[in-house]
Every structure is written in structure tokens, then in C-alpha cells.
Amino acid sequence: ALITSKEMFAKALTQDYAVGAFNVNNMEIIQGIVDAAKEENAPLILQVSAGARKYARPAYLLKLVEAAMEDSGLDIVLHLDHGEDFDICKKCVDDGFTSVMIDGSKHAFEENIALTKQVVEYAHSKGAVVEAELGKLAGVEDNIKVDARSATFTDPDEAAEFVERTGVDSLAIAIGTSHGAYKFKGEPYLDFERLKQIHELIPDIPLVLHGASTVLPEFVAKCNEYGGNIPGAQGVPEDMIRTAAGHGICKVNIDTDLRLAMTAEVRKLLMEKPEEFDPRKYLGPARDAIQRMVQHKIKNVLNASNQ
Ligand code: G3H
Ligand code: 13P
Ligand code: NA
Ligand code: ZN
Numbered sequence: 002a003l004i005t006s007k008e009m010f011a012k013a014l015t016q017d018y019a020v021g022a023f024n025v026n027n028m029e030i031i032q033g034i035v036d037a038a039k040e041e042n043a044p045l046i047l048q049v050s051a052g053a054r055k056y057a058r059p060a061y062l063l064k065l066v067e068a069a070m071e072d073s074g075l076d077i078v079l080h081l082d083h084g085e086d087f088d089i090c091k092k093c094v095d096d097g098f099t100s101v102m103i104d105g106s107k108h109a110f111e112e113n114i115a116l117t118k119q120v121v122e123y124a125h126s127k128g129a130v131v132e133a134e135l136g137k138l139a140g141v142e143d144n145i146k147v148d149a150r151s152a153t154f155t156d157p158d159e160a161a162e163f164v165e166r167t168g169v170d171s172l173a174i175a176i177g178t179s180h181g182a183y184k185f186k187g188e189p190y191l192d193f194e195r196l197k198q199i200h201e202l203i204p205d206i207p208l209v210l211h212g213a214s215t216v217l218p219e220f221v222a223k224c225n226e227y228g229g230n231i232p233g234a235q236g237v238p239e240d241m242i243r244t245a246a247g248h249g250i251c252k253v254n255i256d257t258d259l260r261l262a263m264t265a266e267v268r269k270l271l272m273e274k275p276e277e278f279d280p281r282k283y284l285g286p287a288r289d290a291i292q293r294m295v296q297h298k299i300k301n302v303l304n305a306s307n308q
């Protein structure tokens with residue numbers, strides 16, 4: 002069945018593991034992820050961005066996720082990733098999503114609170130849960146200097162006031178991660194002191210880490226080896242994800258690692274077998290590559306096997 006993340010997060014909050022939230026866009030991606038979660042007997046969140054809804058179309062994604070549940074027998078959280086306004090959050094709740102993110106992080110504090118409250122009120126009235134965001138993830142081009150950090154990273158006192166006033170179920174925070182494949186120019190850095198302060202002030206609120214892909218070097222290398230061009234890609238080291246999971250991070254968002262695993266495999270197959278033109282011959286192995294990557298993530302990084 003489709004479930005909310007309420008009990009999932011309550012349990013993850015008390016232990017050193019986190020739930021993986023994986024972005025889905027098509028059948029092969031959904032199958033690879035769900036097969037991995039089933040194999041690891043792990044809690045699972047599938048998330049859909051506005052871009053994914055537009056690409057695959059809402060009805061297809063819903064039916065594919067329904068099929069995945071029927072086929073696997075797993076309970077799954079279906080979550081809207083980065084909803085930018087009330088309207089898209091309402092549409093997804095009405096479609097049966099059990100969880101939505103209202104991302105008001107680009108707005109001023111009071112506007113973010115007002116928007117989040119509006120979504121919380123509607124979602125809760127329909128039995129769905131809400132994730133909000135406070136603080137800004139650094140853009141790929143941002144050169145984060147020490148003094149600029151406090152302007153963009155989540156302020157612990159504001160976080161406490163924000164959850165109190167909005168009644169939101171979980172909170173995405175900014176401590177140095179960013180979306181995409183180019184997260185750090187030099188040494189990776191996350192502000193764990195800030196994470197600890199936030200978690201201490203609001204110990205009962207599950208925290209969410211966006212931009213949490215590791216940008217696994219083996220996939221980057223494989224892409225580049227087989228005709229790709231993604232130099233200097235760098236993500237969040239796996240041990241940093243493990244540390245975060247022990248300090249209140251209950252949900253770890255992963256999209257880029259799925260994209261890289263899939264693309265690396267497709268590139269390799271097409272390059273090695275130029276005579277091949279049956280899509281199943283490269284999308285099948287790509288699906289397997291996603292499954293292997295997600296199982297590794299669940300088992301060795303999120304520590305969520307059998308949870
Ligand atoms: O937060 C971004 C996710 O990776 C989704 O990306 O908006 O291109 O679907 P997208
Ligand atoms: P990555 O780009 O690091 O995979 O982050 C995905 C994400 O935060 C989706 O909301
Ligand atoms: Na945890
Ligand atoms: Zn995100």
C-alpha cells in the first residue's frame with residue numbers, strides 16, 4: 002500500500018540509519034529501485050519532481066508505482082519532490098501522493114512559513130504529510146566562502162521557530178550539499194556542527210538531506226571512458242552520509258547517482274555493441290545497474306537493510 006513516512010521517520014530518528022528517497026522518471030528506474038529495496042527489505046520513498054511529472058505524465062507515474070507495489074508487495078511512500086507552490090502540492094495530494102514537499106526556501110522567512118502552513122493544513126486534512134525547506138542549497142557555481150555560509154545555510158533558531166509555527170512533519174536543511182554532479186570545487190565540506198545544533202533544538206523533527214548523491218567515481222569514470230564528458234564531477238563522500246544519518250537526518254535524497262548509473266551502463270552497451278538497436282538490450286542492463294547501486298546505498302551507506 003501507499004503509506005506516509007510518519008512511522009518510518011519516527012523509527013529512523015532513534016537509530017543510526019536513514020531512509021533513501023529516490024527520484025523516479027520511468028519504468029526501468031522504478032523497477033531497479035523497488036527490486037533493490039525488496040532485496041534489502043528496506044523502507045522506501047519514491048519521489049517525483051515537477052520535471053518528472055511533466056516528462057512521464059502524472060497518470061503513468063501513478064500507475065507505475067501502483068504496479069511496483071503490486072509486483073513487490075512493498076509498502077511505499079509516494080512523495081512530491083520540490084513542490085514550488087500550493088497548487089502542485091494540492092494536485093499531488095488529490096492524486097493520492099502520501100507525502101509532498103513544499104519548497105519555499107527561495108522565499109523570505111515569513112512567506113515560507115505562510116506558504117508551508119497552507120500546504121500543511123490541506124495535506125493533513127487529507128492524511129498526507131509535508132516536508133518543507135529552510136536555507137538554500139548552494140548552486141553548482143556558488144563559491145561558498147565562510148561568511149557567505151551563514152547567509153545560505155539553515156539557521157538553527159529559525160529552524161526551531163519554523164517547525165513550531167508551521168506544524169510541518171519534516172524539514173530539509175542546508176548544510177553544504179547541492180543538487181547535481183558538481184557539489185564541491187575543492188575538499189568536500191558539510192557543516193556537521195550546524196546539523197547537531199539543529200537536531201538538538203528540534204530532536205523530534207525528522208531532517209532531510211537534499212543533494213546527497215555521492216557521484217560515485219566508478220560511474221563518472223565509466224561515462225567518460227565510453228564517450229561521455231563530465232570532468233570534475235564530485236559528490237558527498239559516503240562516510241559523510243553515514244555521519245548525517247546518525248544526527249537526525251532521516252531522509253536522504255538521491256537522483257544524480259541514479260542518472261549516472263543508468264547513463265554509464267547505456268553508454269558502455271551502445272559503444273561495445275554498435276550493431277545492437279533493441280532498447281531492451283541496453284535499458285535492461287541499465288535497470289540492473291540501478292538496482293546494484295541502490296542496494297549498495299541502502300546496505301552500506303544508509304544502513305537501512307532490514308529496517
Ligand atoms: O532536485 C532535483 C532532482 O534531482 C529532480 O531533478 O527537476 O530535473 O527532475 P529534475
Ligand atoms: P542529488 O542531485 O545529489 O542526487 O540530489 C537529489 C535531490 O536532492 C532531489 O531532491
Ligand atoms: Na537516523
Ligand atoms: Zn532536492
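For what it's worth, full-length UniProt numbering labels the leading residue of the sequence shown as 2, then goes sequentially.
Where a beta carbon is used, it is the ideal one built from N, C-alpha and C, also for glycine.
| Query | Result |
| --- | --- |
| Residue environment, H200, which counts as buried when at least 16 other CB atoms sit within 10 Å | buried |
| Cα-Cα separation between F278 and N27, rounded to whole angstroms | 20 Å |
| Secondary structure of Q235, DSSP reduced to three states | strand |
| Same chain, Cβ closer than 8 Å to E142, neighbours up to 5 away in sequence not counted | Reliability fails at E142, whose pLDDT of 49 lies under 50, so the model's placement of it is uncertain and the value that follows must be treated cautiously. Answer for E142: no residue qualifies. |
| Inter-residue Cα distance where the pair is L303 and R281 | 30 Å |
| Whole-Å CB distance - D72 paired with A2, under 8 Å assumed | Actually they are not in contact, since the Cβ atoms of D72 and A2 sit about 14 Å apart, beyond 8 Å. |
| Sequence-distant residues of the same chain with beta carbon closer than 6 Å to residue 1, five excluded per side | The structure shown does not extend to residue 1, since the chain is modelled only from 2 to 308, so the question has no answer here. |
| Per-residue DSSP class, three states only, for F185 | coil |
| Outcome for Y283 when other beta-carbon atoms lying within 10 angstroms are tallied against a minimum of 16 | buried |
| Segment contact, 8 Å Cβ cut-off, at least three pairs: the region 116-131 with the region 88-105 | yes |
| Residues that DSSP places opposite E277 in a beta bridge | None, per the DSSP bridge assignment. |
| H297 CB to nearest heavy atom of the ligand 13P below 7 Å | no |
| Backbone CA spacing between K12 and Q235 [nearest angstrom] | 31 Å |
| Check: F36 C-beta below 7 Å from any heavy atom of the ligand 13P | Here the sequence assigns Asp to residue 36, which means Phe is not the residue at that position. No. |
| With 16 other Cβ atoms within 10 Å as the buried cut-off, status of D113 | Here residue 113 turns out to be Asn, not Asp, going by the sequence shown. Buried, since its Cβ has 16 or more Cβ neighbours within 10 Å. |
| For F10, the residue or residues it bridges with in DSSP | Per DSSP, none; premise fails for F10. |
| DSSP state of K137 mapped onto helix, strand, coil | coil |
| Contact test: D76 Cβ vs the ligand ZN heavy atom, cutoff 7 Å | no |
| Start-to-end residues for the beta strand (DSSP E) that takes in I46 | 46-49 |
| Close-in-space but distant-in-sequence residues of the same chain around R134 (CB under 6 Å, 5 per side omitted) | According to the sequence as given, residue 134 is Glu; it is not Arg. Here the set comprises D104, S106, A173. |
| Of the listed residues P286, G181, G247, A262, nearest to V237 (C-alpha basis) | G181 |
| Sub-8 Å separation of A51 and H83 beta-carbons | yes |
| Any non-hydrogen atom of the ligand G3H within 7 Å of residue 1 CB | There is no way to answer for residue 1, as the model of the chain reaches only from 2 to 308. |
| Burial state of P204, where buried means 16 or more other Cβ atoms lie within 10 Å | exposed |
| Start-to-end residues for the alpha helix (DSSP H) that takes in residue 358 | Nothing can be reported for residue 358, as the shown portion of the chain is limited to 2 through 308. |
| Inter-stretch contact at 8 Å, needing at least 3 Cβ pairs: the region 32-44 / the region 282-298 | yes |
| Residue closest to Y123, alpha-carbon to alpha-carbon, out of T15, L138, K92, L208 | K92 |
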